[in-house]
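Take our numbering: the final residue in the sequence shown is number 138, and no numbers are missing along the way. All residues carry an ideal CB built from backbone N, CA and C; glycine is no exception. All values reported here derive from a predicted model rather than from experimental measurement.
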Amino acid sequence: MSIVRVTVRTFQNAEHATLFTGISANIPDLLKKHGLKADCRIARSQEKPHEIISIWVYDDEAHMEAVRKVLAEFSKFPNSLNPKEVAYQADVLASIQVGGGG
37 MSIVRVTVRT FQNAEHATLF TGISANIPDL LKKHGLKADC RIARSQEKPH EIISIWVYDD
97 EAHMEAVRKV LAEFSKFPNS LNPKEVAYQA DVLASIQVGG GG
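The following block contains the structure:
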């Protein structure tokens, strides 16, 4: 089954978080250019506007490694914003979708 990776990035301020989300808008084109598909949600915390939560779903370990390798090239500038980063990774046990998409 697939792998999910949740990353919580806490930036110094809301402006840095907004800058990160703006930069993230380029991710789809970057992954398409490398022939990679992606399933990702990027959200801003309702309680902490300087906190961004990314949820990635990967097909398997190889897919995750390929996507993360491409994103590593992309992440130099976002990392310069020096966010505190906490990541969680897990094997998906079940996927439940009812009705329309997100």
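In terms of residues, what are the limits of the beta strand (DSSP E) holding I89?
87 to 94 is the span of the beta strand (DSSP E), which, as asked, contains I89.
Tell me the rounded alpha-carbon separation between L67 and A126.
Cα to Cα, the separation comes out at about 22 Å.
Between the region 90 to 107 and the region 46 to 58, are three or more C-beta pairs nearer than 8 Å?
Result no; under three Cβ-Cβ pairs closer than 8 Å.
Measuring straight from C-alpha to C-alpha, what distance separates R77 and E109?
Distance between the alpha carbons of R77 and E109: 20 Å.
When you compare the CB positions of I91 and V42, do they come within less than 8 Å of one another, or not?
Yes, the pair counts as a contact, with Cβ atoms nearer than the cut-off.
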